[in-house]
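A.B. asks: Be aware that the sequence shown starts at 1, since it is given in the numbering used here, and climbs by one per residue.
Please find one structure pasted underneath; my questions will follow.
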Amino acid sequence: MLSNTTIERRILQVPSILIFAGALLAAGLWLRTRPTPAERELRAHCSGLTTEQIRHLVRDSDRDLNMWLSDLDAPTIRQMAQEANFGVRAETLEEVRLAAEHARPVRRRLGQYLAAGYVDRSVLDGVEMEERETPEETWRYLTRLREIESARKALDDNSEEAKALRAEIVRIAEKRGHAAALAVAESEEANFAFRRRDYAGWYEHAQRSFSIAEENQLPIMQAQTLGVAALYHTRARPDSANYYYSRVLEVAERSDIPTQTGRVHGLRATSYFTAGRFVSAHEEHQAALAVWDRSSIPWQGIRQVTEAMEFYSFLGANRVAQRLRRRAAALLPSLLEAAANWNVRPYEYTMARADAGDLIRAGKLDEAIEALYRLNERVREESRDDAIILVNTLDVCQMLLDLERFAQADSVAREARAFLERTELKDGRVALGLFEAEAALGLDEPERAERALREIEPLLASVPYQHDITAGYRVARIRLAGRTGDAAAIAVTVTGALQFVNDELRNAEEGPFAYLFVGRALDQIRREIQRLLVADPSLGYAFEWTWRGLPVPRSGEHDAAPEGETAEAVVRSWIRERATPVPALSPGDRHLLFAIENDSTLVRYVAEATSVRRERVPETTGELARRIAQAEDHLARGELDTSTTPANDALRELAHALLPADLPEGARLLFSPVDVLSALPFPAVDVGEDRYVPLLVAHDVALLRPVPVRSPGPPPRVPMLAIAPTYSRSLRRQWPDLAPLTANQDEGRMAADAFRGVALLGAEADRDHVVDAWASAERVWIAGHAIQDPEIPFVTFVPLAGDVDYRVDATDILTSDFSSCREVVITGCASGAPYVDDYGITAPSLGAYFVDAGAEAVVHARCRVDDQAAFAFARELLARLESGESLERATNDVSRAIYRSFRDGDPSASEWGSAAWATWGVETSRP
């Protein structure tokens, strides 16, 4: 898992000292070479060398040294200048003497370059061309620095003793005239001030560090100081963070420092990730990877590759993560060959954990457990990294609990507890306490489970981004209460769980994090409550219908809710009275609400105006997922012409599995699909006997999306807002799928004219105008592209006009208030397609975000749509809406008309494209 704390710790590891008397090269050096054809050939041969291989050349002989300086390509030489730090690594006086001997021919060659005009004098500022002290003097200096550092590490950074030692380092650096050391010292003082929340002191020291670096032409230090400033502003002031990141890029690109350029992109990826801006994070990761690909720096590249791998794995983009894992594995041999003192084991451990993660996702938990045990043995032998051992042990415990091997899980939890006490690690205590409670419950030891839960209660608030752990705590509490059979205790416990869910939904930045973190928490709690309500179909149905929309007050607001309408009152009525009324349906309506009872069992509630029944779907979710994938594949190719096609067989089997046998013709069907069912085009399900008859022919069909209850918004001021942008050249280069459109401007005008609304067309349809206008619109119509990366969940957005801020993404939609909006129509490609992998649904569709943000309904496309086909659909839909039809009926009528034109061989069907009648769908929040 990508950890912000881990990344921040990596970034802030600024070298404590960057000096050595008689240093080979200083930061900021670049060489301007004038290569001959022969030299170019030799440089091409040498360009793949790593810095450590160059160091070996330096140590081998003066001849090899001359070859290195003369014939290596400029980027590699620059990287050598940035990374080399021979003397500081010296452990003995003899090593210092050896480094000094190696420095002499380097200076000699640099002098020759200078005399011949190959190198300009100005670029060698800060490079010592003459020896200023003996190796013995250097050794005494290094020894004193190490003594100071060792003493300082044993002290509190804010203590007077630590301050005095830091001041001594500054005095030594000033006396010796080492600007880099002074800049580092000021940077460290800035770090300490920030930790004390002394922001004025932080700014003063950071500014001083930057000034020293700027005056002495130390671009690496300039970039590092700016990078730290950006990191500190990431959460509190994102705009300031972007300013500092831009400054770092400016310095790094001007001085051609790929380490800093790539690192800034990596930092910005982390910044956008923490803000829930996954599209921007994806773009920054790709930019960082491109930098490392060009720079051929394996130890920097592998860090970025593994961080990107963890990011994409976290989003559920498993194929992308696997490709990155292969790239990282290809980089490891060059790291191992480069030097023994480069620690590559953490990357190897990351790969091994990723392999175990693949086994977990594939359901091969026993194999994953064995893989993690083997990894722990290896870690114990090689590095004794206690944190990795603990994480692996906790993962094993979790999998044993999933397999309901409670005795084994309890044994592993005891082992982890002993390990924690022995190593004094602080992280992991909350997760371990939860696992101990779950194992105790499985072993029917409620008293021990209660003790474990009480121990972790004070620590829950300190667990960042771990909504699933906190939800696990709530689930364990519900199970404990369920053992007692006390309705009042159960009601209070369930209310607490729903309170947590409600607070987290409001506080999780209201963006994709709500789906990643809170969504899992919601699902765990929902399933546990269902276990208490399973005996009564009406009760279970009522809960599934209302559980996310309960009027749960925030903490401290209980008095504000009317009597009888709080979550606790509702839960008490469920558990005590078993008489919660179902939502009112019209006589012709039928609502099929699906719920997953466990990881593989699907339950169907069939609700009508007067009754509810609960039925188990005969196939597992895995089997349904395979059938849906087959049907989707055939639909995409338009293979629905006869009753003998494989597509018809797949769709007919899905109908038998999912639909009740007594469907009355003409009913309005509302499906509330979960997980893999979200990917199924329900209107295309085959309900015919001896020929293909789609469900759409006989029924109005819509997806019913349960969403949190929102307060009614202000009255809309605009009856229709139509958005039809044009796209810049730079945007089209970045996203090649943005093909030129010929009809979207006309579509936007047509939609605005139909309801006497406002049209944002062409360059006017930029982010600022769109976000300002759509909150006041009764209807929103988006005519143009919708971008969805087919492999990366949450990388989906509506592209707009402009080169900067050219889109609205999930976070923009979810942080807007659409509670005054009746309808949203998006005619862009795949705007209604959720992300589905082999293990289930991983992210909602772009259109679904509008419903979650308060819109009553959305019409969207499930697959790619031709520009002219989208215009034709819009023309037909608007004509029906103008005549007074509801959005659901109008959309279904248009789809039925398209289907009939295909079925009857109407030549006009060619304008729609293949199987276009199954393309358009409605997702609604109204019963």
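C-beta: ideal position from N, C-alpha, C; glycine also.
Classify His785: buried if its beta carbon has 16 or more other beta carbons within 10 angstroms, exposed otherwise.
C.D. replies: For the purposes of this step, residue 785 is taken as the residue at position 785 of the sequence shown. It counts as buried.
A.B. asks: Mind checking whether Pro740 and Leu800 have CB atoms under 8 Å apart?
C.D. replies: Translated into the one-based positions of the sequence shown, residue 740 becomes position 740. Translated into the one-based positions of the sequence shown, residue 800 becomes position 800. It is not a contact, given that the beta carbons lie outside the stated cut-off.
A.B. asks: Evaluate Tyr199 with the Cβ neighbour count: other Cβ atoms within 10 Å of its Cβ, from every protein chain shown; 16 or more gives buried, anything less gives exposed.
C.D. replies: Here residue 199 refers to the residue found at position 199 when the sequence shown is read from its first residue. Result: exposed.
A.B. asks: Can you tell me whether DSSP reads Leu887 as helix, strand or coil?
C.D. replies: As a working note, residue 887 is residue 887 in the sequence shown. Leu887 falls in the helix class under three-state DSSP.
A.B. asks: With DSSP run on the structure shown, which of helix, strand or coil describes Thr610?
C.D. replies: As a working note, residue 610 is residue 610 in the sequence shown. Three-state result, Thr610: coil.
A.B. asks: Leu394 to Ala409, Cα distance in whole Å?
C.D. replies: Here the question's residue 394 lines up with position 394 in the sequence shown. Here the question's residue 409 lines up with position 409 in the sequence shown. C-alpha separation (whole angstroms): 10 Å.
A.B. asks: What is the DSSP secondary structure of Leu850, counted as helix, strand or coil?
C.D. replies: The residue given as residue 850 occupies position 850 in the sequence shown. Sequence check: residue 850 is Phe here, not Leu. It is helical.
A.B. asks: Which one of Trp292, Arg590, Leu315, Phe850 has the shortest CA to CA distance from Arg277?
C.D. replies: As a first step, residue 277 is located in the sequence shown; it is residue number 277 there, counting from the start. Among Trp292, Arg590, Leu315, Phe850, the Cα nearest to that of Arg277 is on Leu315.
A.B. asks: Within this structure, are the beta carbons of Val701 and Pro673 separated by less than 8 Å?
C.D. replies: Position 701 of the sequence shown, counted from the first residue, corresponds to residue 701. Position 673 of the sequence shown, counted from the first residue, corresponds to residue 673. No, these two residues do not count as a Cβ contact at 8 Å.
A.B. asks: Counting only the same chain and skipping the five closest in sequence on each side, list residues whose C-beta sits under 7 Å from that of Leu459.
C.D. replies: To locate residue 459, count along the sequence shown from 1; it is residue 459. Taken in chain order, the residues that qualify are Arg429, Val430.
A.B. asks: Quick one: any contact between the region 686-699 and the region 746-753, if contact means 3 or more CB pairs under 8 Å?
C.D. replies: Segments in contact, no.
A.B. asks: Do Glu348 and Leu332 come within 8 Å of each other at the CB atom, strictly closer than that value?
C.D. replies: As a working note, residue 332 is residue 332 in the sequence shown. As a working note, residue 348 is residue 348 in the sequence shown. Yes; because the gap between Cβ atoms is below 8 Å, this pair is in contact.
A.B. asks: So who's on the other strand from Gly762, going by DSSP bridges?
C.D. replies: In the sequence shown, the residue the question calls residue 762 occupies position 762. Pro725.
A.B. asks: How many angstroms separate the CA atom of Thr350 from the CA atom of Leu887?
C.D. replies: The residue you call residue 350 lines up with position 350 of the sequence shown. The residue you call residue 887 lines up with position 887 of the sequence shown. Spanning the two alpha carbons is a distance of roughly 50 Å.
A.B. asks: Under the three-state reduction of DSSP, which class applies to Ala830: helix, strand or coil?
C.D. replies: By 1-based counting over the sequence shown, the position of residue 830 is 830. Coil.
A.B. asks: Using a Cβ-Cβ cutoff of less than 6 Å, which residues in the same chain neighbour Ser209 once the five nearest sequence positions on both sides are dropped?
C.D. replies: Along the sequence shown, read from residue 1 onward, the residue named residue 209 stands at position 209. Closer than 6 Å at Cβ, skipping near neighbours: Ala183, Glu186, Ser187, Thr225.
A.B. asks: For Asp803 and Ser730, which I take to be in contact (beta-carbon distance under 8 Å), what is that distance rounded to the nearest angstrom?
C.D. replies: Counting from 1 along the sequence shown, the entry for residue 803 is found at position 803. Counting from 1 along the sequence shown, the entry for residue 730 is found at position 730. The pair is a contact, with the Cβ atoms about 5 Å apart (cut-off 8 Å).
A.B. asks: Starting from Ala684, follow the alpha helix (DSSP H) in both directions and report where the run begins and ends.
C.D. replies: Within the sequence shown, residue 684 is the residue found at index 684, counting from 1. Unbroken run through Ala684: none, as it is neither H nor E.
A.B. asks: When DSSP labels each residue in this structure, what does Gly87 get in the three-state scheme?
C.D. replies: Sequence index remark: in the sequence shown, residue 87 carries index 87 (1-based). Model confidence at Gly87 stands at a pLDDT of 38, short of 50, so the residue's coordinates are unreliable; what they give is reported in the following sentence. In this structure, Gly87 counts as helix in the three-state DSSP scheme.
A.B. asks: Would Ala452 be called buried (16 or more neighbouring beta carbons within 10 Å of its own) or exposed?
C.D. replies: Translated into the one-based positions of the sequence shown, residue 452 becomes position 452. It counts as buried.
A.B. asks: In or out: Pro167 buried (at least 16 other Cβ within 10 Å) or exposed?
C.D. replies: Mapped onto the sequence shown, residue 167 falls at position 167. Inspection of the sequence shows that residue 167 is occupied by Ala rather than by Pro. That one is exposed.
A.B. asks: Taking only three categories from DSSP, how would you classify Ala857?
C.D. replies: The sequence position of residue 857 within the sequence shown is 857, counting from 1. Strand.
A.B. asks: Hey, Arg590 and Val606 are a contact pair by Cβ (cut 8 Å); roughly how many whole angstroms apart?
C.D. replies: Reading the sequence shown from its first residue, position 590 is the one you call residue 590. Reading the sequence shown from its first residue, position 606 is the one you call residue 606. Yes, Arg590 and Val606 are in contact; Cβ-Cβ is about 7 Å, under 8 Å.
A.B. asks: Tell whether a beta-carbon distance below 8 Å holds between Ile302 and Ala328.
C.D. replies: Position 302 of the sequence shown, counting from 1, holds the residue named residue 302. Position 328 of the sequence shown, counting from 1, holds the residue named residue 328. Their beta carbons are under 8 Å apart, which means Ile302 touches Ala328 by this criterion.
A.B. asks: Could you tell me which residues DSSP puts in a beta bridge with Ser672?
C.D. replies: Here residue 672 corresponds to residue number 672 of the sequence shown, with the count starting at 1. Per DSSP, Leu593.
A.B. asks: I'd like to confirm the pairing. Which residues does DSSP put opposite Val694 in its beta bridges?
C.D. replies: Counting from one through the sequence shown, the residue named residue 694 turns up at place 694. Checking the sequence shown, residue 694 turns out to be Pro, not Val. According to DSSP, Pro694 bridges with Asp686.
A.B. asks: Check whether the Cβ of Ser895 lies closer than 8 Å to any Cβ atom in chain B.
C.D. replies: No chain B appears in this structure, which consists of one protein chain only.
A.B. asks: For the structure I just gave you, are there three or more beta carbon pairs, one from the region 432-441 and one from the region 395-407, closer than 8 Å?
C.D. replies: These segments touch.
A.B. asks: Quick one, which of Glu445, Leu390, Glu447 has its alpha-carbon nearest Arg422's?
C.D. replies: For the purposes of this step, residue 422 is taken as the residue at position 422 of the sequence shown. The residue with the shortest Cα to Cα distance from Arg422 is Leu390.
A.B. asks: Among Leu704, Trp920, Tyr899, which has the Cα closest to the Cα of Cys863?
C.D. replies: For the purposes of this step, residue 863 is identified with residue 863 of the sequence shown, where counting begins at 1. Considering only alpha carbons, the answer is Trp920.
A.B. asks: Tell me the residue span of the alpha helix (DSSP H) that contains Pro210.
C.D. replies: What you label residue 210 is simply residue 210 of the sequence shown in a count that begins at 1. The amino acid occupying residue 210 in the given sequence is Phe; Pro does not appear at that position. Here the alpha helix (DSSP H) through Phe210 covers 199-215.
A.B. asks: According to the neighbour-count rule (16 or more other Cβ atoms, all chains shown, within 10 Å of its Cβ), is Gln934 buried or exposed?
C.D. replies: Beyond the ends of the chain as shown, which are 1 and 927, falls residue 934; an answer cannot be given.
A.B. asks: Per DSSP, what kind of secondary structure is Phe797 in: helix, strand or coil?
C.D. replies: In the sequence shown, counting from the first residue as 1, residue 797 sits at position 797. Here Phe797 sits in strand by DSSP.
A.B. asks: Residue ranges of each alpha helix (DSSP H) run of no fewer than 4 residues wholly in the region 401-474, ordered along the chain?
C.D. replies: Listed in chain order, the complete alpha helix (DSSP H) runs (minimum 4 residues) inside the region 401-474 are 406-423, 429-442, 446-456.
A.B. asks: Ser586: buried (16+ other C-beta within 10 angstroms of its C-beta) or exposed?
C.D. replies: Residue mapping note: residue 586 aligns to position 586 of the sequence shown, counting from 1. With fewer than 16 other Cβ atoms within 10 Å, it is exposed.
A.B. asks: Pick helix, strand or coil for Ile302, following the three-state DSSP scheme.
C.D. replies: For the purposes of this step, residue 302 is taken as residue 302 along the sequence shown, with counting starting at 1. Helix.
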